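Here the structure comes first, spelled out in structure tokens, and everything after it is commentary.
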Amino acid sequence: MCEKADDLILGIDLGGTKILTAVANSQGKILSRDHSITPAKKGYEAVIQSILESAHRALEQANIAISALTAIGVGAPGISNPETGILFTSPNLPGWRDVPLRDIMQERLGKKTFLINDANAAALGELYFGAARGARNFIYITISTGIGGGIIIDGKIYGGAIGAAGEVGHMTIDDDGPICNCGNRGCWETLASGTALAREAKHRIKEGVGTSILKYAEGDVERVTAQVIHNAAEQGDSLAKELIARTGYYVGVGLANLINIFNPELIVIGGGLSNIGDMLLEPASEVAGERAYKESFQAVRFAFAELGRNSGVLGAAAFALREVKRGKDS
Ligand SMILES: [Zn+2]
């Protein structure tokens, strides 16, 4: 990026459970950060209010007035159009329908604002400041409660007709599989996400399979999470290891599809489940190698995301800066 280092941008990463807000400069340096809970169940107004409060706290912490910002970038989950700034729908934000989120933020904060899908933002964050620096054709996937993605072609986010491309988590892997939050059946995220891993573990525990997983969940089956299963696997629990390998298998099936369709040079894997590391990636890579074209598989490199929780805010900020400069240039 060729912008001046003194461009300051407010990045907002709106998630279904958390809101992360940060003031950053054009080099990706974070000057301040605020972290709060998304009151998703309290509805739309409450969420907007929480974003505004978080934004003000981040600005205050950095000792920066809104007027000193170049722009604001909002990354939000769900299907949205960056051109119109409308968030159509989001499985993580119940009740949100066709919300003009960009204009609302712009009006209430009084600064030029841009909206982008959260996973696309994270992909841009990794492209500008993280594991994908210098890449031209790569795919970012984030595996946590669901699976999100961003497709970068020739150094740019591929948005598709209405900006909704990259919903890799909703490609059908099993036409008869579990029902997904999106309403479809057997989407990738119903089989290869942290939610899917925890669901399988709960199911097997309730069936009476012997395992130490419960020990790591305070004896409460409802507290079994991907993290708990990872902890048990690290201590050698065979069910935990089997379930992680099974999740890795499904991760690999989806990766094979992406490799065959896009022939990327790089796939960057982020999100909470990527913390499991090689225990997940090894079976995934093996299955992808078996299923994808050999030549395409040999051409792809896998990397873990480098920016962690900051990829979304940094990517939203970078996107806003790029868009505002693009507007000035044209
Ligand atoms: Zn789905």
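Residue numbers (my numbering): 11 to 340.
All C-beta atoms in this analysis are idealised placements derived from N, C-alpha and C, irrespective of residue type, glycine included.
Small disclaimer: the values here were computed from a predicted structure and weren't measured.
Cβ-heavy atom distance, residue i to ligand 1, below 7 Å
i: residue 333; result: no
i: residue 191; result: yes
i: residue 194; result: yes
i: residue 180; result: yes
i: residue 117; result: no
i: residue 305; result: no
Exposure of residue i, with buried meaning 16 or more beta-carbon neighbours within 10 Å
i: residue 104; result: exposed
i: residue 12; result: Because residue 12 sits at a pLDDT of 47, beneath the cut-off of 50, its placement in the model cannot be relied upon, and the following sentence gives the value as read from the coordinates. Exposed, because fewer than 16 other Cβ atoms sit within 10 Å of the Cβ of residue 12.
i: residue 229; result: exposed
i: residue 123; result: buried
i: residue 238; result: buried
i: residue 303; result: exposed
i: residue 121; result: buried
i: residue 186; result: exposed
i: residue 116; result: buried
i: residue 47; result: exposed
i: residue 26; result: buried
i: residue 33; result: buried
i: residue 107; result: exposed
i: residue 17; result: buried
i: residue 320; result: buried
i: residue 130; result: buried
i: residue 171; result: exposed
i: residue 112; result: buried
i: residue 240; result: buried
i: residue 297; result: buried
i: residue 323; result: buried
i: residue 288; result: exposed
i: residue 73; result: exposed
i: residue 68; result: buried
i: residue 90; result: buried
i: residue 202; result: buried
Where the alpha helix (DSSP H) through residue i begins and ends
i: residue 271; result: 248 to 272
i: residue 45; result: Here residue 45 belongs to no alpha helix (DSSP H); instead the beta strand (DSSP E) covers 40 to 47.
i: residue 313; result: It is not in any alpha helix (DSSP H) - residue 313 instead sits in the beta strand (DSSP E) that spans 311 to 314.
i: residue 204; result: 204 to 216
i: residue 67; result: 54 to 72
i: residue 239; result: 236 to 244
Residue range of the beta strand (DSSP E) that includes residue i
i: residue 35; result: 28 to 35
i: residue 195; result: Counting along the chain, residue 195 falls outside any beta strand (DSSP E), and DSSP gives it neither H nor E.
i: residue 277; result: 276 to 280
i: residue 22; result: 18 to 24
Residue-level contact to chain E via CB, residue i, 8 Å cutoff
i: residue 322; result: Of the protein chains in the structure, only one exists, and it is not chain E.
Ligand 3 heavy atom lying under 7 Å from the CB of residue i
i: residue 199; result: Looking at this structure, you won't find ligand 3 anywhere; what it does contain is ligand 1.
Would you mind listing the alpha helix (DSSP H) stretches within the region 86 to 167 that are 4+ residues and don't spill past its ends, in chain order? 111 to 119, 128 to 139
If you scan the region 289 to 336 from start to end, which runs of the beta strand (DSSP E) of 3 or more residues do you find wholly inside it? 311 to 314
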